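Have a look at the structure below, then the notes.
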Amino acid sequence: MGDLNLLTQLSTCFVLFCDWRIGTHQFSLHTLCFRFLLQLEVINISEYLTTQTPLPPFLPYPRFLLELDLSQTAKMTYALLLDRATLSQKNLWTDERGFVFVIFTICSLAEQLGRSTVSVSSALKELDAAGLIERRRTRFSSPNHIFIKIPNVE
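First residue of the sequence shown? That's 80 in my numbering, and the numbers climb one at a time after it.
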């Protein structure tokens, strides 16, 4: 019944498209409906954390990244690569030296981060210059192997 009531309210909002003037403020009905939808979205996804609440999937974000002079895209790229490295560890993806590597194309990284491929390429260059990753070419037309480095933090 609640869903039907919500559907009726939403259809009314979108069918009626007029302006209201209340005092000195002018509101269009579509703006009011948009605000209503935003409030519904927040109500549906917000749940207080309890001792029994399962945590959603999350990325490890090392504290040392907070102190580094890197762009936010570079920091999030590192966190995503570090997360992917745990999968590589489980699959035993190592080179001849025993170092774990990650295979992550720039397009896939860009999609995961919601950034452009140019931004991700810049972030990878930043991480490489900071000494946090090493990229090694593989076969022609294959993605690079990315080695994640962990700094000594004391």
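Beta carbons are placed, not taken as given, at the ideal position from N, Cα and C, and that holds for glycine. Every value quoted in this text rests on a predicted model; they were computed, and no experiment measured them.
Sequence-distant residues of its chain with Cβ nearer than 8 Å to residue i (five each side left out)
i: residue 102; result: Confidence is the limiting factor: at residue 102 the pLDDT is only 49, short of 50, which leaves the residue's position unreliable and the question unanswerable from this model.
i: residue 191; result: 159
Proximity to residue i [Cα-Cα], best of the options
i: residue 163; options: 199, 152, 145, 188; result: 188
i: residue 160; options: 147, 206, 219; result: 206
i: residue 157; options: 168, 184, 128, 139; result: 139
i: residue 204; options: 154, 176, 128, 169; result: 154
i: residue 174; options: 215, 193, 219; result: 215
Residue j beta carbon less than 7 Å from that of residue i
i: residue 197; j: residue 185; result: no
Identity of the residues DSSP links to residue i by a beta bridge
i: residue 227; result: 212
i: residue 179; result: 173
Sequence-distant residues of the same chain with beta carbon closer than 7 Å to residue i, five excluded per side
i: residue 202; result: 150, 152, 153, 156
Are at least three pairs of beta-carbons, each pair with one atom in the region 205 to 225 and one in the region 178 to 187, less than 8 Å apart?
yes
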